[in-house]
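> Got a structure for you, questions after.
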Amino acid sequence: MNLLKVKCISVLPLLLGLVACSVGPDYQPPQSSVPAAFKYEAGWQTISPQSWAAQGDWWTAFNDPELNLLITQANEANQTLAQAEARYRAAQGQWRLTRGDYSLRLEASLSGNRSGGDSISVSESYSARLNASWSPDLWGRVRRSVEASRANMQSSAANLVAARLTIQLAVAQSYIRLRALDLQKIILEQTMVAYERSSKLTSNQYEAGIVPRSDVIQAETQRQSLKTDLIDLENQRAIEENSIAVLLGKAPVNYALTPTEQLPELPVLPASLPSTLISRRPDVVSAERQLASASAQIGVAQAAWLPSFSITAGYGASAARFSDLFDAPEAIWSVGPSLVQTLFDGGARRASKDIAIAQYDEQLANYRQTVLDGLAEVENALATISLLKDKAEQQDILLKLAEENERIVNNRYKSGLVSFLEVATAQNQTLNARRTRLNTSADRLQASLQLAAVIGGGWDLNDPVVQSVSLGAEADDDLEDAQ
C-alpha cells in the first residue's frame, strides 16, 4: 500500500504538469499600420472641441428630442436587434457548453431484463449502476476549445453592438431625410404662392393686351410642374415614414410622424480625431476576436495528434428480482485508467490542421482588410464634412444672388421690359438654390452621422467602452460593456 501511495504521489506532479500545458500557438493580437492622424482632419481642426456622447447616446449631440425618442424605441423593439441578441445568447451557451468538458461526468443507470425460450425457463435480472469519468486536459485541447468559444462569444457581442449601431444610424438617416422632405415641401409651397401671383399677374396683363398668350401658358405650366413636384415629395416622405416604422418594430399602417419646420442641429465636431479609435469599431473588434478563435482552433487540431487519457470508476448492484435490487444486492465495482492513441486515420488529422491554419490566415486577412476599410470610411466622412462646409458657404452666396436677380427681373417684367421667360428662369434659379441649400444642410447632418458610425458610435476618449474594448481584450467585463 505504501509503495502504491509513493508511486501515485510521484505520478501526480507529472499529470498536473501535462494538464497545465497547451499545444498550439499562443494568440497575439496582430499589428496593423494605423496612421497617427487622418488626411482630411486638417480641414476642421479649428472648430472648438466638444465631447461626443459615449456609445449608446451619440445621437443626443444633434439636440432633437424626437430623434432621441425614435432611437430609444428602435433599441427596444427592432427585430434585427432581437436576432443579434439571440445569436449572442447562443454564443454564450456554446461557451458554457465547451467549458463543460473540464468537469467530471457522473451518470446513473437502471436497467431490467427478462429472457426465456421454448426449453429455457424465464429468468429476470435487474441492475443499478453509478459511473464517474474524468478526462484530464493533458494537451490543452479543451482549453483551446474554450478559448475559441470565448472569442466567438466576444465576437458575437461586438456584432450585437454593430447591429445596434447600424439600426440607430438607419433611424437617424431616415429621420433626417424625412425632415428635409418636410422643409422641401415648405419651400415648394412658398414658391407655389409666388408662382400663383405670377400666373395671376400674367393673366391680367394678357387680358389687358400687354403680354402674349404664350406667357400665360408658360406661367400655368410652371405652376402645374410644381404641383407634380409636391406629389413626388409626398411619396418620398411616405416611404421614409414607413421605413422608420419598420425600424421601430411597428406596422407602417399604425405609425405617423408629425411634420416639423426644422432640421436637427449640426453637432460641433472635436478639434482632432485620434485614428486609434478605429480599434473600437464593432466590426474591427469582431474581426479580431474571430482571428483569436481561429488561432485557438489550430491548437485543437494539433492536440488531436496526442493520446487522450481518462479515468473511469463505477459502482452498482444486480439482482434477480427488482424488489431485491436495493435490499441485498450483489455489489459490482470497477475503476481504471484508459489511454487512447490514434495510429492511422487516413490523413484526417493533418487535413484538420491544414484547414485550421488556412482559416487563421483567412481571418488575419479579413481583420487587416476591415481596418483598412474603416480608415477609408473615416477619411471619406471627414472629407465630406470639410467640403460640404465650403459648399454651404457658397450656396448661401448663390441664394442671395438668385433672390436679388428674381426681384430685379420681376420689376422689369412689370414694366414690360422683359418676357415671362426671364421671370420663369429667375424663379426656377431661386427655387433650385433654396432646395440645394437645404439639401446641403441635410448632407452635412448625414456626413456627421456617417462619421459617428464609422468610428464605432462616438469619439469620447473618456468613454469606458473605448478603454475596455481593445484589441485582444480578455476580461469578461468587456462582454458586459459590449452588451
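Residue numbers for the sequence shown, in mature numbering (1 follows the signal peptide of the UniProt record, and there is no 0): -22 to -1, 1 to 461. Just so it is clear, CB atoms sit at the ideal spot from N, CA and C, and this is done for glycine as well.
(1) With the cut-off set at 9 Å, would you say Tyr104 and Leu88 are in Cβ contact?
(2) Give the DSSP bridge partners of Glu102, in chain order.
(3) How would you label Arg285, buried or exposed, when you count the other beta carbons within 10 angstroms and need 16 or more for buried?
(4) Thinking just about the alpha-carbon of each residue, which of Leu429, Val432 and Gln424 is nearest to the one in Leu156?
(5) How should Ala197 be labelled, buried or exposed, when 16 other C-beta atoms within 10 angstroms of its C-beta is the threshold for buried?
(6) Less than 7 Å between C-beta atoms, sequence neighbours within five positions excluded: which residues of the same chain meet that for Thr238?
(7) Distance, Cα to Cα, Glu384 vs Gln240?
(8) Quick one: residues in its chain with C-beta nearer than 7 Å to the C-beta of Val318, no 5 flanking neighbours on either side, listed in chain order?
(9) Does DSSP put Ile289 in a helix, a strand or coil?
(10) Apart from the five residues on each side of it in sequence, which residues of its chain come closer than 8 Å, Cβ to Cβ, to Ile188?
(11) Looking only at its own chain, which residues have a Cβ that is under 8 Å from the Cβ of Ile154, when we skip the five neighbours before and after it?
(12) With three or more C-beta pairs closer than 8 Å as the rule, is the stretch 136 to 154 touching the stretch 40 to 56?
(13) Is the beta carbon of Ala62 sitting closer than 9 Å to the one on Leu147?
(14) With distances taken between CB atoms, is the gap from Tyr345 to Gln268 smaller than 9 Å?
(15) Using a 10 Å radius around the Cβ and a threshold of 16 neighbouring Cβ atoms, would you call Ile276 buried or exposed?
(16) In the DSSP assignment, the alpha helix (DSSP H) including Trp73 goes from what residue to what residue?
(17) So for Gln314, helix, strand or coil by DSSP?
(18) What's the gap between the Cα of Gln202 and the Cα of Ala234?
(19) Any idea what DSSP makes of Arg299, helix, strand or coil?
(20) Determine, using beta carbons only, whether Gly227 and Ala55 come nearer to each other than 9 Å.
(21) Would you mind stating whether Ala274 and Glu340 have Cβ atoms separated by less than 9 Å?
(22) Count the other CB atoms within 10 Å of the CB of Pro245; is the residue buried (16 or more) or exposed (fewer)?
(23) Could you have a look at Ala126 and say whether DSSP puts it in helix, strand or coil?
(24) Using alpha carbons as the reference points, say which of Leu45, Thr320 and Ser296 lies closest to Glu102.
Here's the rundown:
(1) yes
(2) Arg92
(3) It should be noted that the sequence gives Pro, not Arg, for residue 285. Exposed: under 16 other Cβ atoms inside 10 Å.
(4) Gln424
(5) buried
(6) Arg157 and Asp160
(7) 25 Å
(8) Pro285 and Ser286
(9) strand
(10) Gly394
(11) Leu241, Pro242, Ala420, Leu423, Gln424 and Leu427
(12) yes
(13) no
(14) yes
(15) buried
(16) Gln57 to Arg77
(17) A quick correction: the sequence has Gly, not Gln, at residue 314. Correct three-state label for Gly314: strand.
(18) 28 Å
(19) coil
(20) yes
(21) no
(22) buried
(23) helix
(24) Ser296
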